[in-house]
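Here's the structure, in structure tokens; my notes come after.
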């Protein structure tokens, strides 16, 4: 027979009743279980704001490389210079076709640049187009064609284009015409061809190009 146990001895089984925390877990003052893990560090509640000076410096750092690249492009690669072409092949092709007399500018200043040149057959005839950039940086097109003028002029200018009066250039009588938008035109009517000088250039530049044709 086992010896008698003292009446005040605590039982070895310390399992608490259902719904109660273990006896060896410390309790908060309010009655809840104590937290045994480490306390996490405090989290910042807001973001730091950048001052206008900091933003200006950041923007300047971004802009400096762009400015340097633009300077290199313009100064060393000729970024502001127009792309020029040699009009001789197109002019020779038009002359070889021998469907209308072909003229070309002679004696234009160094400020003029040829930027396009094309000869092509079209319905009703053929066209020789030469595009120029004037010394003032404006575009002008020189068109020579044997397409009938009553079809060519409305197609190249507008259906409402009407002659505005004659002007003499290098011994030839040209007609002034209005064109699309702010463009104006000079038109030379001949039995076997029509010549049109059209663009947004000033009148003196249009006259210079038209008068240089030989």
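In the UniProt record's numbering, the protein residues as written are 1 to 214.
Ideal Cβ placement from N, Cα and C applies to all residues, glycine included.
Beta-carbon proximity check, residue i vs residue j, cutoff 8 Å
i, j, result
"residue 172", "residue 188", "yes"
"residue 211", "residue 169", "yes"
"residue 103", "residue 82", "no"
Beta bridge counterpart(s) of residue i as assigned by DSSP
i, result
"residue 238", "Absent from the structure is residue 238, since the part of the chain shown begins at 1 and ends at 214."
"residue 172", "169"
"residue 178", "184"
"residue 140", "132 and 199"
"residue 85", "For residue 85, which the question treats as bridged, DSSP gives no partner whatsoever."
Which of helix, strand or coil DSSP assigns to residue i
i, result
"residue 101", "coil"
"residue 145", "strand"
"residue 93", "helix"
"residue 151", "helix"
"residue 27", "Below a pLDDT of 50, predicted positions are generally treated as unreliable, and residue 27, at 47, falls in that range; no measurement from the model is reported."
"residue 163", "strand"
"residue 61", "helix"
N-terminal and C-terminal residue of the alpha helix (DSSP H) that residue i is part of
i, result
"residue 157", "First-last for residue 157: undefined, no H or E at that position."
"residue 210", "203-211"
Residue range of the unbroken beta strand (DSSP E) whose run includes residue i
i, result
"residue 194", "194-199"
"residue 185", "184-189"
Below-8 Å beta-carbon distance, residue i vs any chain B residue
i, result
"residue 102", "The structure shown contains no chain B; it holds only a single protein chain."
Check whether the stretch 136-148 touches the stretch 203-210, taking contact to mean three or more Cβ pairs, one atom from each stretch, closer than 8 Å. yes
Between the stretch 112-126 and the stretch 93-101, are three or more C-beta pairs nearer than 8 Å? yes
Count Cβ pairs between the stretch 81-88 and the stretch 52-66 that sit closer than 8 Å; are there 3 or more? no
Quick test of the definition: if touching needs 3 or more C-beta pairs under 8 Å, does the stretch 181-196 touch the stretch 141-154? yes
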